[in-house]
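Here our numbering is used: position 215 in the sequence shown is 258, and no number is missing along the way.
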Amino acid sequence: ERLTFKPTAEEIVEFTVPHLMNAPFPIVSFGQGCEGEPLLMWETIREAIIEIRKHTNRGSININTNGSMPKAVKALCEAGLDSIRVSTNSAQKTWYTNYYRPNNYEFEDIIESLKIVDGYGGWSSINYFVFPGMTDSEAEYEALRKLIAATNLKMIQWRNFNIDPDWYLGRMGIVEESDKMGIRQMMQLLREEFPTLKFGYFNPPMERIKGDFEKDLAK
């Protein structure tokens, strides 16, 4: 059931601290793809993080975001944010802009947000929407390599992009085909070039970030 109000920092703390203190492998996460942009409430989140960490150092505090406000991300990192996941359909500015139609921010801002989290020693992921035929193009592969290297990206969360292909190709302005390498080959090449880069589907808990990432925590 979704909230019908904007919680205060005090309400967030009241709800999250018991979870962080008692749950196995706990994560507190602000924002989800269908729930709005959490950075629009960054002041409240910053206050909540500060208060949470007065009670416990357990667990991971994460934000799922479009990464549009690097200064807000910096403030959250200073407060104690542990990890960030930034959603994108592409590592190329043109494709990103054509799909997201960003308002009051640019593609460069999401790159800066990822860099900021890395600079504070945090865990940075991208929520990467996979559209075979575009994602595995040579141009996208080269752009993704540059993004990973520039941001010291820790993880790619690969997502099947459930979208009308005709609409999407039209929005992207794709009128002719280019060479494709295949998603599996693309992933293999990235693993070879960036051996510490992780692939997954969920934000990892602190026990995986700072411990054995390959450990099966579901047991």
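A virtual CB, placed ideally from N, CA and C, is assigned to each residue, including glycine.
Open item on the list: For a minimum of 4 consecutive residues, which ranges assigned as the alpha helix (DSSP H) are wholly contained in the stretch 76-138?
Closed with: Counting whole runs of 4 or more residues, the stretch 76-138 contains the alpha helix (DSSP H) stretches 85-98 and 113-122.
Open item on the list: Measuring alpha carbon to alpha carbon, tell me which residue in Y171, K253 and Y148 is nearest F242.
Closed with: For F242, the closest C-alpha among the options Y171, K253 and Y148 is that of Y171.
Open item on the list: If distances are taken between C-alpha atoms only, which option among W201, S111, T51 and I93 comes closest to T178?
Closed with: Checked all of W201, S111, T51 and I93; the closest Cα to T178 is W201.
Task: Contiguous alpha helix (DSSP H) assignments of at least 4 residues, all confined to the stretch 207-233 - done: With a minimum length of 4 residues, the continuous alpha helix (DSSP H) runs that stay inside the stretch 207-233 are 208-215.
Open item on the list: Taking contact to mean 3 or more Cβ pairs, one atom from each stretch, closer than 8 Å, check whether the stretch 88-105 and the stretch 132-141 are in contact.
Closed with: With the cut-off at 8 Å, the stretch 88-105 and the stretch 132-141 do not touch.
Open item on the list: Please report the distance separating the alpha-carbon of T263 from that of L233.
Closed with: Beyond the ends of the chain as shown, which are 44 and 262, falls residue 263; an answer cannot be given.
Task: Cα-Cα separation, V71 to R128 - done: The C-alpha of V71 lies about 13 Å from the C-alpha of R128.
Task: Check whether F73 and I88 have beta carbons under 8 Å apart - done: The answer is yes: Cβ separation under 8 Å.
Task: Close Cβ partners of L187 (< 6 Å) along its chain, the five nearest in sequence each way excluded - done: Same-chain partners within the cutoff: A134.
- [ ] Report yes if the C-beta distance between G165 and D125 is below 8 Å; otherwise report no.
- [x] In contact: G165 and D125 (Cβ atoms closer than 8 Å).
Task: Span of the beta strand (DSSP E) around M177 - done: Counting along the chain, M177 falls outside any beta strand (DSSP E), and DSSP gives it neither H nor E.
Open item on the list: Going by the DSSP bridge assignment, what does K241 pair with across the sheet?
Closed with: According to DSSP, K241 bridges with M198.
Open item on the list: Need the endpoints of the alpha helix (DSSP H) that F68 sits in, please.
Closed with: Careful: F68 lies outside any alpha helix (DSSP H) and carries neither H nor E.
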